[in-house]
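Going by the UniProt record's numbering, 40 is the number at position 40 of the sequence shown; the sequence numbering is gapless.
We put the beta carbon where it would ideally sit given N, CA and C, even for glycine.
Below: one structure, written as structure tokens.
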Amino acid sequence: MKNHIMEVEQKQACTELLQIVIDGQASEEQHQELMDHLENCEACREEYLLSKTIKDKLKTGIKAAASPVGLANSIQNKILETASPK
Ligand SMILES: [Zn+2]
1 MKNHIMEVEQ KQACTELLQI VIDGQASEEQ HQELMDHLEN CEACREEYLL
51 SKTIKDKLKT GIKAAASPVG LANSIQNKIL ETASPK
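Here it is, written out as structure tokens:
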């Protein structure tokens, strides 16, 4: 039997860890902790890959010629989804 409150708390904890790593503020330990976690948590893995892709794109200035339009569009849609709280 699983405890729902525990699950929610755990999800928040790993989302926070994910943000720290994405922001580049994680220590080596935290980074490793996230990597271990990602192997067992598909939701975080997807979020991590998506966030990382967006971050990389932003960092490289989104070179339109070099990025496949489909991927760019799907990322943009994700950003819009995330940005509008409604
Ligand atoms: Zn997780």
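Residue i beta carbon near ligand 3 (any heavy atom closer than 7 angstroms)
{"i": "A26", "result": "Judged by which ligands are present, ligand 3 is missing from the structure shown, whose ligands are ligand 1."}
Whole-number beta carbon distance between residue j and residue i, since they are thought to touch under 8 angstroms
{"i": "H31", "j": "C14", "result": "Actually they are not in contact, since the Cβ atoms of H31 and C14 sit about 13 angstroms apart, beyond 8 angstroms."}
{"i": "Y48", "j": "L80", "result": "Incorrect: roughly 20 angstroms between the Cβ atoms, too far for contact."}
{"i": "I75", "j": "K55", "result": "With a Cβ gap of about 11 angstroms, I75 and K55 do not count as contacting."}
Unbroken alpha helix (DSSP H) run spanning residue i, endpoints
{"i": "D36", "result": "E28 to N40"}
Nearest residue (CA-CA) to residue i, options the options
{"i": "R45", "options": "S27, L71 and V21", "result": "V21"}
{"i": "D23", "options": "K52, G70 and E42", "result": "K52"}
{"i": "C41", "options": "K78, S84, A72 and Q12", "result": "Q12"}
Quick one, what's near ligand 1 if you take every residue whose CB is closer than 5 angstroms to any heavy atom, in chain order? C14, C41 and C44
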